[in-house]
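Data block below; observations after.
2 protein chains.
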Amino acid sequence: MNHDLLGLTEELCGIPSVSGTEAALADAVEARLRTREGPLLIERIGANVVARTDLGRDARIVLGGHLDTVPANGNEAPRRAGDVLHGLGAADMKGGLAVLLALADDLARGRARFDATIVFYEGEEVADEHNGLRRLFAEAPQLVRGDLAILLEPTGGWVEAGCQGTIHVRATFDGVRAHSARPWMGTNAIHRAGALLERCARFEAATVDVDSLAYREALQAVTIVGGVANNVVPDRCAVVVNRRYAPSRSLDDAVAEVVAFCADAGADHVEVLNASRAAPPNLTNPLIAELIGVYDLPVRPKLGWTDVARFAAHGIAACNFGPGDPELAHTADERVERVGLDACLALLEAFLGVV
Amino acid sequence: MNHDLLGLTEELCGIPSVSGTEAALADAVEARLRTREGPLLIERIGANVVARTDLGRDARIVLGGHLDTVPANGNEAPRRAGDVLHGLGAADMKGGLAVLLALADDLARGRARFDATIVFYEGEEVADEHNGLRRLFAEAPQLVRGDLAILLEPTGGWVEAGCQGTIHVRATFDGVRAHSARPWMGTNAIHRAGALLERCARFEAATVDVDSLAYREALQAVTIVGGVANNVVPDRCAVVVNRRYAPSRSLDDAVAEVVAFCADAGADHVEVLNASRAAPPNLTNPLIAELIGVYDLPVRPKLGWTDVARFAAHGIAACNFGPGDPELAHTADERVERVGLDACLALLEAFLGVV
Chain A
-9 MNHDLLGLTE ELCGIPSVSG TEAALADAVE ARLRTREGPL LIERIGANVV ARTDLGRDAR
51 IVLGGHLDTV PANGNEAPRR AGDVLHGLGA ADMKGGLAVL LALADDLARG RARFDATIVF
111 YEGEEVADEH NGLRRLFAEA PQLVRGDLAI LLEPTGGWVE AGCQGTIHVR ATFDGVRAHS
171 ARPWMGTNAI HRAGALLERC ARFEAATVDV DSLAYREALQ AVTIVGGVAN NVVPDRCAVV
231 VNRRYAPSRS LDDAVAEVVA FCADAGADHV EVLNASRAAP PNLTNPLIAE LIGVYDLPVR
291 PKLGWTDVAR FAAHGIAACN FGPGDPELAH TADERVERVG LDACLALLEA FLGVV
Chain B
-9 MNHDLLGLTE ELCGIPSVSG TEAALADAVE ARLRTREGPL LIERIGANVV ARTDLGRDAR
51 IVLGGHLDTV PANGNEAPRR AGDVLHGLGA ADMKGGLAVL LALADDLARG RARFDATIVF
111 YEGEEVADEH NGLRRLFAEA PQLVRGDLAI LLEPTGGWVE AGCQGTIHVR ATFDGVRAHS
171 ARPWMGTNAI HRAGALLERC ARFEAATVDV DSLAYREALQ AVTIVGGVAN NVVPDRCAVV
231 VNRRYAPSRS LDDAVAEVVA FCADAGADHV EVLNASRAAP PNLTNPLIAE LIGVYDLPVR
291 PKLGWTDVAR FAAHGIAACN FGPGDPELAH TADERVERVG LDACLALLEA FLGVV
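Those protein sequence lines, which keep their order, are chains A and B.
In terms of our numbering, the first sequence opens at residue -9 and continues consecutively.
In terms of our numbering, the second sequence opens at residue -9 and continues consecutively.
Structure, rendered in structure tokens:
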């Protein structure tokens, strides 16, 4: 089947879908899917749309893409320049959604070697409570279960395997207020926080080998706020620390480690704001091994957190593989090229056996 | 003359005058002064009221008190308990205003050994641009000039001599944004600011002897703010540092020193937010020496900044001397006692020769 993936991506970029406003795009996706003849089963829950085959195959592949984008950055109007499409969501990830819609067209012909579930979901770019996959796993797990999940996040045609876990903690330093002309009457909480910042700056993050992939960990102070008024010795300073850890480590161990890191620097309170599991790369999983091996795909570790970890937590091997440069995601110059879209679709068509 | 200073303080506390809303209290003060017969000359500019004698004496004493208070802290209603008055402004400084109004009554009888100027002014507890003395020096300097200025700020019956200078600078650290899972692509501005906090924490402020008074200096980080989002290596962190310096130092030297302190800690930009001169204790000034010596008053250095420095900058020797415990200023349990009010008035009556 011939697909104009760049044109389809442009259409999708023409329907704004900043997180929280995905309904119009979900409507368009659902309407398009419902026009297809054949064995596709369509379900809609919230702004999540799922299209499935039920052909009785031995294995089921889940293919996923989020409908939402980050807020616009002067790039809300899509713009074509030859075979390049610029605009909000072009790379992250309406190019991937276009590939998924083309695959749905293919699947509607009923010729795949796997059963397939294609999930279009809302709320990936914001707090986890808004995540559509989270809702589907809770309310309709049969719609998202399978033997392998492939997320079409932009990876530039690489397989990005597993993902690191992420933890945010808030470390708070207490003090005693006093007039800043008589600081010896008080205790300066901001000064006390300096020890934690120095510790973060000196921290040497490990690079951890898992399945021969090098997961480079990280630990960063991402926000700090302290102070009462310009004439007052401050009695409170709070630092949010973000820890990224390799899939070799358990969530509990990673949380305990970052809490101790802050406490050892003198923090009076350490509150865990959120903590997400890592996902193993699973390169020995037969389906992942086939995807990589047969098509000789380059593989690298995923350092950021993605919904791959959500599938992994539900016992489903998963990886990221999609069109578009991941370094351009969330930037004003986000864009995607026709050649990358076509290559991604061709590979997934071959893997699913729909051609 | 017999004055019920505690009752008068209670009356004044009954007229709210949080900074910016001093007009009603200025009206009451002006009305009371205008009922007095005799040689008092009354002027009103904004919410500032000045009462002067012009008896042709050899020297002129300026006595000053600010009309405004800090915001209420559950203590807006004055409350008498025996010979103690509790409530917002009781110590800072409506007790002092009551003493000034009693002195005005005395001066109206025309028997002082000095000419006197009594200044009731607005906007002392807020940014300098609102300060009534600042306006009077700019618009009507003849109303505030004299040979000695006494500010009736609460000093508990001590002479608080001179005052330290105060400087606020904002030290900003730059960085380069990156995803917090790939911090090696960026530079963390919050981490960089840690060096300044450590430097502030380690700083050993000097105690400087001036006229045998020990001015204990200070340097404190009073606010800090940094961060972009929880997943972003931050590219900016700003620290406000407050420096308090002894009157031995010039303003320019003190500013240069604190700017260099921040720059040496790696700050990329250091902006001077405000910089106020110190005031020398001037203990050898004949009028100050007489005030202290004849009445055997205890003397200590003023560590915070007061309008004493404004008079000093205009070449007028000045000191703080007033009723009320300075440690209670700006606290919920602010209060003043009758004995302190009476003692302050008696001393100033004797010094001015009005009894």
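By construction, the Cβ of each residue, glycine as well, lies at the ideal position given by its N, Cα and C atoms.
Values in this document were obtained by computation on a predicted structure and should not be read as measured data.
Residue i - DSSP class collapsed to helix/strand/coil
i               : result
I5 of chain A   : coil
V39 of chain B  : strand
I157 of chain B : strand
R47 of chain A  : coil
L90 of chain B  : helix
F163 of chain B : strand
P213 of chain B : The sequence as given places Thr at residue 213 of chain B; Pro does not occur at that position. Looking at T213 of chain B - three-state DSSP - the assignment turns out to be strand.
G122 of chain A : helix
F193 of chain B : coil
R290 of chain B : strand
A102 of chain B : coil
H181 of chain B : helix
L142 of chain A : coil
G85 of chain B  : helix
E150 of chain A : strand
G283 of chain A : helix
V329 of chain A : helix
F110 of chain A : strand
A168 of chain B : strand
R239 of chain B : coil
Rounded C-alpha distance that separates residue i from residue j
i                : j                : result
R70 of chain B   : L(-2) of chain B : 12 Å
Y111 of chain A  : G72 of chain A   : 30 Å
L342 of chain B  : P68 of chain B   : 31 Å
L203 of chain A  : M83 of chain A   : 25 Å
G351 of chain A  : V166 of chain B  : Missing from the structure shown is residue 351 of chain A; chain A here goes from -9 to 345 and no further.
R160 of chain A  : L186 of chain A  : 12 Å
L(-5) of chain B : R328 of chain B  : 7 Å
E20 of chain A   : V149 of chain A  : 28 Å
L57 of chain A   : L335 of chain A  : 18 Å
P173 of chain B  : R22 of chain A   : 41 Å
V289 of chain A  : G314 of chain A  : 16 Å
A62 of chain B   : G77 of chain B   : 9 Å
D225 of chain A  : V218 of chain A  : 8 Å
A151 of chain A  : E66 of chain A   : 31 Å
R50 of chain A   : A253 of chain A  : 46 Å
G184 of chain B  : H169 of chain A  : 23 Å
D118 of chain B  : C309 of chain B  : 19 Å
A307 of chain A  : K292 of chain A  : 14 Å
The ligand SAM heavy atom lying under 7 Å from the CB of residue i
i                : result
G(-3) of chain A : Among the components modelled here there is no ligand, and therefore nothing to report on the ligand SAM.
Residue i vs residue j beta-carbon contact at 8 Å
i               : j               : result
H181 of chain A : C153 of chain B : no
E90 of chain A  : L142 of chain A : Checking the displayed sequence, the identity of residue 90 of chain A turns out to be Leu instead of Glu. Yes, they are a contact pair.
V40 of chain A  : L133 of chain A : yes
N220 of chain B : T213 of chain A : yes
A179 of chain A : A208 of chain B : no
A102 of chain A : T43 of chain A  : yes
T107 of chain A : V60 of chain A  : no
R125 of chain B : N264 of chain B : no
R26 of chain B  : A92 of chain B  : no
E0 of chain B   : L75 of chain B  : yes
A257 of chain B : T162 of chain B : yes
Assigned exposure category for residue i - 16 Cβ within 10 Å defines buried
i                : result
N272 of chain A  : buried
Y205 of chain B  : buried
Y235 of chain B  : buried
T10 of chain B   : Here the sequence assigns Gly to residue 10 of chain B, which means Thr is not the residue at that position. It counts as exposed.
P131 of chain A  : exposed
N232 of chain A  : buried
E194 of chain A  : exposed
H158 of chain B  : buried
N(-8) of chain B : exposed
T296 of chain A  : buried
D105 of chain B  : buried
R276 of chain A  : Residue identity check: residue 276 of chain A is Pro in the sequence provided, not Arg. Flag for P276 of chain A reads exposed.
Sheet register partners of residue i (DSSP bridge)
i               : result
S266 of chain B : B:T156
V200 of chain B : B:L203
T59 of chain A  : A:V8
E261 of chain B : B:R160
L31 of chain A  : A:R42
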